[in-house]
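In the UniProt record's numbering, the protein residues as written are 1 to 440.
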């Protein structure tokens, strides 16, 4: 008699291909089939997704895909809601921000570039369908450039946690030397654009990130200086308090040779995770050489290869030891990320804890690794993972049709309700089940 293989014996790549054709609830059901399938499939809320191009417009303005290393492919996430607030936009929409299950979508306005509002900006939750209009100043369509033609950062909008139409804050790099800020408190909203050239010694902006409570934004310049933007969202006598901006650290703050490397790394990002603040520097294209000081009179030749990655950690001021002086704040070389996996891009840098053995999330998400995007000559982006332990970058499988924005997206925590129900079904069943019934 022929021997029938068990469901658990199927190859992980085949399981991934089948599950990726399912909507969210169907995917969660696949994880309940058996322990082997569960190990092969990451939990829905821990799968990093990315916006992919959709030239046929069959999937609406927002199309997200997940990378499966087992299957060596990207698959579109089915069952997402689509926004209605971009109906009047003439240009194609693109993702310019993401956090906690929300995305920021932006497009050119139908009124044309000559109008005061040249763009439409929308905060959207593709799981719940909630839309929150944002101020048009957060996105400048005239500053869009092909990623391979400019070293300027891609458009990026960051926003406070748990946004609502009555209470939120959003900050964007609308131009290399312009910060756009929107503050909404108790339903009253205001927006302004800050010229940062004088505030930051003429240095262009490279990245911006919110802290965990949404009250402070950190602004990073091309040369590695960090400035603290205090939004002061509380109202006083009916008015919002003025915005305050100040340097995080004054003076020379990088150890040798990083004070030199800072000038030869074009891509820079800020990361807040595990209570620590990091800078990530990359040289995305072309190797280079630089001369750095080595002692009082000596010099050393630095070779910076293409794709080099450097990570620095912020060291706050330390109290003075007995008989010593108080150590000032500074940046120091970091050998790890505290066990976190960090995803860099137009999203607010998201950190996820190291995944344990046997959990499908370990397929892609690994601790002390950086996941970042590199531009391609075709005008889209490809994903890489950099291991802090190996000091090496590995290319992830390319997406069919291309990734349209250098951004990572994670499903909101509320989507875990589907996963929790599925887990209960799996625990109540035997190792092999033919159907998993989910009650949501």
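Beta carbons: idealized from backbone N, C-alpha and C, even for Gly.
Under 9 Å between C-beta atoms of residue i and residue j
| i | j | result |
| --- | --- | --- |
| residue 279 | residue 229 | no |
| residue 208 | residue 158 | yes |
| residue 346 | residue 405 | yes |
| residue 96 | residue 121 | yes |
| residue 27 | residue 44 | yes |
| residue 337 | residue 309 | no |
| residue 223 | residue 263 | yes |
| residue 402 | residue 368 | no |
| residue 179 | residue 132 | no |
| residue 349 | residue 67 | no |
| residue 51 | residue 106 | no |
| residue 199 | residue 245 | yes |
| residue 277 | residue 292 | no |
| residue 410 | residue 46 | yes |
| residue 87 | residue 109 | no |
| residue 134 | residue 183 | no |
| residue 388 | residue 42 | no |
Rounded separation between residue i and residue j - CA only
| i | j | result |
| --- | --- | --- |
| residue 344 | residue 98 | 11 Å |
| residue 83 | residue 37 | 33 Å |
| residue 7 | residue 34 | 8 Å |
| residue 100 | residue 165 | 16 Å |
| residue 300 | residue 259 | 13 Å |
| residue 254 | residue 211 | 22 Å |
| residue 138 | residue 333 | 34 Å |
| residue 390 | residue 371 | 14 Å |
| residue 314 | residue 248 | 10 Å |
| residue 186 | residue 154 | 31 Å |
| residue 225 | residue 201 | 10 Å |
| residue 290 | residue 305 | 11 Å |
| residue 190 | residue 196 | 19 Å |
| residue 274 | residue 342 | 11 Å |
| residue 91 | residue 73 | 29 Å |
| residue 328 | residue 412 | 39 Å |
| residue 174 | residue 15 | 43 Å |
| residue 113 | residue 93 | Because the pLDDT of residue 113 is 47, which lies under 50, any placement of that residue in the model is unreliable, and the number read from its coordinates should be weighed accordingly. If I take the Cα positions, the gap works out to 15 Å. |
| residue 426 | residue 194 | Bear in mind that a pLDDT of 36 at residue 426, under 50, signals an unreliable position, so the model cannot answer this. |
| residue 124 | residue 61 | 11 Å |
| residue 261 | residue 288 | 10 Å |
| residue 257 | residue 395 | 28 Å |
| residue 213 | residue 162 | 10 Å |
| residue 419 | residue 241 | In this predicted model, residue 419 has a pLDDT of only 45, less than 50, meaning its place in the structure is not dependable enough to derive any value. |
| residue 172 | residue 11 | 44 Å |
| residue 126 | residue 85 | 13 Å |
| residue 136 | residue 381 | 26 Å |
| residue 9 | residue 40 | 11 Å |
| residue 192 | residue 18 | 48 Å |
| residue 13 | residue 377 | 30 Å |
| residue 317 | residue 383 | 36 Å |
| residue 130 | residue 272 | 27 Å |
| residue 331 | residue 386 | 21 Å |
| residue 373 | residue 379 | 12 Å |
| residue 243 | residue 307 | 37 Å |
| residue 250 | residue 218 | 15 Å |
Cβ of residue i within 9 Å of any chain B Cβ
| i | result |
| --- | --- |
| residue 12 | In summary, chain B is missing from the structure at hand, where a single protein chain is found. |
Residues bridged to residue i (per DSSP)
| i | result |
| --- | --- |
| residue 408 | Beta-bridge pairing links residue 408 to no other residue. |
| residue 372 | 384 |
| residue 68 | 73 |
| residue 394 | 385 |
| residue 96 | Bridge partners of residue 96: none, in fact. |
| residue 133 | 122 |
| residue 245 | 229 |
| residue 511 | Nothing can be reported for residue 511: it is not among the residues displayed for the chain, which extend from 1 to 440. |
| residue 106 | 94, 121 |
| residue 78 | 23 |
Cβ-heavy atom distance, residue i to the ligand ATP, below 8 Å
| i | result |
| --- | --- |
| residue 143 | This structure does not include the ligand ATP; it has no bound ligands of any sort. |
### Task
Note down, one range per segment and in chain order, each beta strand (DSSP E) of at least 3 residues found wholly within the stretch 159-232.
You should have 168-175, 178-185, 188-195, 205-210, 216-221, 226-230.
### Task
Answer yes if the stretch 260-269 comes into contact with the stretch 283-293, meaning at least three C-beta pairs across the two stretches below 8 Å, and no otherwise.
Counting C-beta pairs with one atom in each stretch, the stretch 283-293 and the stretch 260-269 have three or more that are closer than 8 Å, which means they touch.
### Query
So does the stretch 15-32 actually touch the stretch 73-81, counting three or more Cβ pairs closer than 8 Å?
These segments touch.
### Query
At which residue ranges does the stretch 19-52 contain complete beta strand (DSSP E) runs of 3 or more residues, listed in the order of the chain?
Correct list: 49-51.
### Query
Which parts of the stretch 285-349 are runs of the alpha helix (DSSP H), unbroken and 4 residues or longer, counting only runs that do not cross its ends?
The stretch 285-349 contains no whole alpha helix (DSSP H) run of 4 or more residues.
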